[in-house]
Each structure stands twice: as structure tokens, then as C-alpha cells.
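Protein chains: 2
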Amino acid sequence: MYTQSDLKNFVNKAILNLSYNDEAEKLNDPVKYILSIGGKRLRPVLALIACNLFSDHIDEAIIPATGLEVFHNFTLVHDDIMDHAPVRRNLPTVHSKWNLNQAVLSGDVMAFIANECFLQTPPRCLLKVFKVFNKAAIEVCVGQQLDIDFEKAALISHEEYLRMIELKTAVLFAASAKIGSIIGGADDKDSELLYEFGRNMGFAFQIQDDLLDIYGDVKVFGKISGGDIISNKKTFLIVKALEIASVEQAKQLHEQFALKEFDPETKVRKVIDIYNQLNIKNISEDLATDYITTAFGLLDKIGVINDRKTELVNLANSLIGRDN
Amino acid sequence: MYTQSDLKNFVNKAILNLSYNDEAEKLNDPVKYILSIGGKRLRPVLALIACNLFSDHIDEAIIPATGLEVFHNFTLVHDDIMDHAPVRRNLPTVHSKWNLNQAVLSGDVMAFIANECFLQTPPRCLLKVFKVFNKAAIEVCVGQQLDIDFEKAALISHEEYLRMIELKTAVLFAASAKIGSIIGGADDKDSELLYEFGRNMGFAFQIQDDLLDIYGDVKVFGKISGGDIISNKKTFLIVKALEIASVEQAKQLHEQFALKEFDPETKVRKVIDIYNQLNIKNISEDLATDYITTAFGLLDKIGVINDRKTELVNLANSLIGRDN
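Protein sequences appear in the order of chains A and B.
Sequence positions in the first sequence follow this note's numbering and run 1 to 324.
Sequence positions in the second sequence follow this note's numbering and run 325 to 648.
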């Protein structure tokens, strides 16, 4: 069995070995940049652990798994355009470092580099794997659309928020786990269980990500604490808070969001005060834990011995306990 | 044998029958819009004629051929962003009618809708067809990058210009013809000949498109006459003109391009005057005709009886003789 660290190394090596059409160098510079500035490679690592559940030979899965990472980074480049985000992972976003047109076009080519990776899936399961990927890719676009729509909405329910992150984030975790399992030789029942495992893991990941914006360690996590509050970003925390707030608390929250000019620290502090009154941190942590618990329940049903499941358990646990 | 008109109808019907994930309606409105505002469906029609060369049963090729049209329209949506183009086919471009973010995201989903179409290729040739498509898709991105780079360059050679349009335009015609032929059952030699046929046709098409901007009938062609001159767009005409111009003529051309404020009609007239002095119209028409002649030479070598080749000859001829 491979460790997460082994698998991450395989993925990083595969990313370095991606082949490019370099006739117009400028096209690929942003691609190489975004792929080089790190991230945890969670999706391909999840795919490879899922493959390794069923097979000791994961070589065939490495390039398709890398396609998941390329696709994910394609969405980051274009999402950062849409969000006018200047910084990602403490470095300038592609459209900030280059320009809008370069970010559109270099993003585009990444979609086809991802395809190139999926076309290297073993022929016996090419169609199955590509369909799982492509369905998720369309759903991620739908999720991003809901995200845009919700940013303009005054109030959304936590169910609407969860459906949005399901599409925008969780389905790609789900597809990653399912794709790895298919290449590893899982039967339909087990690969469907892996899909559901990944989906639940994806929910937990996103809720944890929302929590870390406020309660994470700035230096380790690499984001300004409370950046989501400063930018009025819809997160599980704020959606839930507005849902359970008293009239007075809701009024105070809306006042903070309406401010055109403000001291960031004061705004963050005032919003967090209300979160604390409403117990939002615990509610969010409990929900993330619920998703991981559901994921573990699904994992129990998968027809391989428990010893093989250790890395998947470790990965899921690291998502809710992680501080980096 | 099917006529171009039959095949265009099949494609239009397939476009209307595309299935969408409609959970976020706003995502697909621009997709349906750009796909509904016409165009000649040249790429899918070329694919279907190429298929029909080898087989009387073209049903299996209709959805993959439609994927070529969806992909082509994806590039139009994103290219129009990059070119700041307000109008396409006499109607507002997607980013003008909606906004930048919507054009980025709705464009993105089209790339995956195109994939969805290619995944419906008959399994016996799925990998082969998808590889041909995806190679072309990456080359189209490279071509668009060269186009952006060249817009900023003071002087480019006509060879550089032709390489750019080869990647940006001709390879998709080439891939279309090859994909159709593969699904129709052509052997490797014939499908390679079809690729070259399509590539040459694509060159002729783009040069003719450059000519039509100036010498086409505005009402029929749906563009402002001389729009490329007004916007200083690099075309075969201007690239060739600068290459063969005298020092004085080149100076006059550069003066026109440098104008910040100008009367459009005067600028167009002055540039066309120099084109006429340099015989640019004939040079360009001759080159387009050369490409079509080369295409016909390739068509001769394809191992099917001449009767079956009629529609392909008609399509190629319509590209250089067309006035609509």
C-alpha cells in the first residue's frame, strides 16, 4: 500500500512530466505556474488511494488522476477571474500576474490537457472513467453558476448552500474516488460507494475550508483570517448564522455586509462575535464531522479488508482535523 | 448520398436536442443563444460528408460532428471576450449580452458539452476520434495565443500568419474531415488524406474570410465592410501588403494603423487604395484557390468512386466562390 506522501510525489512527478504543445510558449507559462504553486493534490491522491484499495498496481491511474488536478486548477484560474481574486496560495492569481485574456486562454487549454490525461486511461475502462469525469466537470460549472447567483441573492438557505458546494466541490472528490476505484478494478457497487464516500468527504472539506478562513492559523493556512467576511463571501457559517439569527442579530450582520468603507479587523470581529453567540463554529464542525462519519459508514461496506482502508481513513480524518 | 443541406438539418436538429444540466438555468442560456444564431455548421457538415464518403450510414457520426460545432462555438465565445468584440453574426456577443463572467463560465461548460458529444462516438473508434479532436482543440488554443501575440507585433511574415490560421482555423477543419472519415470506416491512409483535405480547405476558408471583410457584400455577409481595417486586425491581406509594399506605401499603411481618431470610411478607403496598388485581392484569391486545388488533388487519391466525392467538391468550391 502506498502512503499519501508517496502518492502526492507520483502526482507531482506526473505534473512535471506533462507534455505541452510549446509552439506558443506564453500559452503554457500560466499553466505551469498554477500547477507548480502547490496545493495538496487532494483529488488525485484520493483517486490513487481509491485505486490502491483494489489493486497494488496503480501506475495506470496516475495520468488520469493527474487529469483531475489539471481540471481542478483550470477551474481555479477561471474562478479567480470571476471572483476578481488577486491572490491564491499567497501568490498572484494568473489574471493578476498576466492579464484577463491570458487567464481565459491558458485556462481553456488546461481543460484539453485534462482531456489528454483522461485519454490515457486504460482502454478497458476509458469510456466509463471519462463519463464520470465529464459529468462532474459539467456539474462543477453548474455549481460555479449557483455560486455566482447566490452571491447576488440576499438570503439563501443552508440547503441551497450545501447543494451549491456539492456541485462546485463535492462531486469532483466523488468522481476522483470513483475513477480511481474503476481503474483499480472495483465492481459497480464498490465504485458507487467510493463515489458517495468522496462526495461526503467533499462536503466536509468545504465546510472545514469555510471554518479555516476564520479559525485557521493565518501563517500555516496562507490566507488572511476572515477574508471571507471582509469580502462578504457566502460561506456555510454566514448562511447558517443568518438562518438562526434573531431579528436583531440578522440586522447587525446585514449592517456589516452593507458597509462600503470599514476597518477590516472591526468588521471581522463584529461578525465573529455574532457567530460565537450563535455557536456557529460548533454547528459547522459538527456538520463536517457528520459527513466524515457518513463517509466512514460507506467505507465499511466496501468489499476489501480493513487493512487496505487505512490511508483513506487517514485522508478523511486529516480533512476535518487539519491545520495546514 | 446526403446533400449539404440535409446534413446541416441533421446537425441543427442534433443541436436542438442537446441535453443540458438545467439546475442553474443561467449557465445554459448563453450556450443555447450562441448555438442558435446560426452559422453554416461547416465543420460538422464537413465531418458528415467525409463520413458519407465511406458509409451510407451516418447516424453514428451526427453527435460527434455536433461536438465539433459546440467546440467551435466555445472558442467563439471566449475569443470574443479576448477581442472585446461587441457583435457576432449581427447580434450581441455573449459577454456583451450578458457579462464577462457569464461568457467565461458558459464558454467553459461548452467545452464539456463537446466532450459529452465525443463520448457518444461508437466505442470501436472512440479513442482514435477523441485523440484527433483533442489534439486539434489544443492547437486551436495555440493558434489563438499566436493571434494575440501577433496583434502586438509590429510586423509578421505571411508564413507566420499562415501558421497562425493553420492552428487557429485549419486544423479544426482537418480534424472534422478526419473524424467523419474514421467513423465512416476509412482506413488510415484515406483518413489522413481527409485530414490534409480539410486542412487545405481551412486555409482557403480563412483567406476568403479575410477577403470578404473588404470585398464581401455587407448585407449578405453580415459584417461591416472593412471592419478588420478599422480595428487594425491582422489579416492575410494586410500582412502580405506590408511584406511587398514600397517604403512609401508601408509608411502610409502604418500611418493609418497609428491613427487614434479617424473617419472609418476614409481609413478603409486609403488602405484599400494601397491594396489595389499592390494587387492584394488577386494575390489572396489566387492563394485561396491554390489551397482548394491542393485539396482536390488530395481528394483524387482517396479510394472511393468519384460519384461519392461530389458533395465534398461542392463544399470546397462554395468556400472560395461563396458570397454569403
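Backbone N, C-alpha and C fix where the C-beta goes; we use that ideal spot for every residue, glycine too.
- Query: Any idea what DSSP makes of B:R413, helix, strand or coil?
  - Reply: coil
- Message: Less than 7 Å between C-beta atoms, sequence neighbours within five positions excluded: which residues of the same chain meet that for B:L566?
- Response: L479, A574, L577
- Task: Output the distance between the C-alpha atoms of B:Y485 and A:K267, rounded to the nearest integer angstrom.
- Result: 54 Å
- Message: Determine whether the beta carbon atoms of B:A464 and B:T399 lie at a separation below 9 Å.
- Response: Note on identity: in this sequence residue 464 of chain B is Val, with Ala being the wrong assignment. Yes.
- Message: At the 9 Å Cβ level, is A:A174 part of the contact set with chain B, yes or no?
- Response: no
- Reducing DSSP to helix, strand and coil, say where A:S191 ends up. helix
- Task: Give a yes or no on whether 9 Å exceeds the smallest Cβ distance from B:K557 to chain A.
- Result: no
- Same chain, Cβ closer than 6 Å to B:S515, neighbours up to 5 away in sequence not counted: K502, S505, I506
- Could you check the C-alpha separation between A:D323 and A:D213 for me, to the nearest Å? A caution first: A:D323 carries a pLDDT of 37, below 50, which makes its placement in the model unreliable, though a value can still be read off. Distance between the alpha carbons of A:D323 and A:D213: 11 Å.
- Message: Only counting the same chain, and skipping five residues up and downstream in sequence, which positions put a Cβ closer than 6 Å to that of B:I405?
- Response: H419, A427
- Message: Distance cutoff 9 Å, beta carbons only. Does A:E23 sit that close to anything in chain B?
- Response: yes
- Anticipated Cβ contact below 8 Å, A:F197 with A:A295, distance rounded: 5 Å
- Query: With DSSP run on the structure shown, which of helix, strand or coil describes A:M1?
  - Reply: coil
- Task: Measure the CB-CB distance between B:I462 and A:L105 and report whether it falls below 9 Å.
- Result: no
- Query: Can you tell me whether A:V11 is buried or exposed, with buried defined as 16 or more other CB within 10 angstroms of its CB?
  - Reply: buried
- Could you work out which residue in B:G431, B:A438, B:C375 is closest to B:G391 when comparing CA atoms only? B:A438
- Message: If you reduce the DSSP assignment to three classes, tell me which class A:F262 lands in.
- Response: coil
- Item | Distance cut-off 8 Å: B:L400 Cβ against heavy atoms of the ligand PLP | Among the components of this structure there are no ligands whatsoever, and the ligand PLP is therefore not found.
- Query: On the three-pair Cβ rule with 8 Å, is the stretch 34 to 46 of chain A touching the stretch 120 to 127 of chain A?
  - Reply: no
- Is DSSP giving B:T559 helix, strand or coil here? coil
- Message: Using only CA atoms, which one of B:D610, B:L496, B:E572, B:G467 lies nearest to A:A24?
- Response: B:G467
- Message: Within a Cβ cutoff of 7 Å, which residues of the same chain sit near A:N314, ignoring the five residues on either side of it in sequence?
- Response: Q4
- Message: Measuring straight from C-alpha to C-alpha, what distance separates B:T493 and A:Q120?
- Response: 26 Å
- Query: Which of helix, strand or coil does DSSP assign to B:D346?
  - Reply: coil
- Item | Assigned exposure category for B:K513 - 16 Cβ within 10 Å defines buried | exposed
- Task: Within the same chain, show all residues whose beta-carbon is closer than 8 Å to that of A:Q277, passing over the 5 residues directly before and after it, in chain order.
- Result: Q249
- Query: Fully enclosed by the stretch 411 to 471 of chain B, which alpha helix (DSSP H) runs are 4 residues long or longer?
  - Reply: 418 to 421, 424 to 442
- Query: What residue does the alpha helix (DSSP H) around A:G321 start on, and which one ends it?
  - Reply: 310 to 321
- Identify each residue in the stretch 436 to 461 of chain B for which the Cβ-Cβ distance to at least one residue of chain A is less than 8 Å, and report them in chain order. F436, I437, N439, E440, L443, P447, L450, L451, F454, K455, N458, A461
- Work out the CA separation of A:N101 and B:F545 for me, nearest whole Å. Its pLDDT being 49, under 50, B:F545 is placed unreliably in this model, and the coordinates cannot settle the point.
- Message: Going by beta-carbon coordinates alone, are B:F529 and B:L643 separated by less than 9 Å?
- Response: yes
- Message: If the cut-off is 7 Å on Cβ atoms, which residues from the stretch 416 to 436 of chain B count as contacting chain A, listed in chain order?
- Response: N425, V428, L429, D432, V433, A435, F436
- Taking 9 Å as the CB-CB limit, is B:Q468 close to chain A? yes
- For B:H408, three-class secondary structure by DSSP: coil
- Query: Looking at the unbroken alpha helix (DSSP H) that takes in B:I370, where does it start and where does it end?
  - Reply: The question names Ile, but residue 370 of chain B in the sequence shown is Leu. Here the alpha helix (DSSP H) through B:L370 covers 366 to 378.
- Using a C-beta to C-beta distance shorter than 7 Å, which residues of chain B count as neighbours of A:E139? N345
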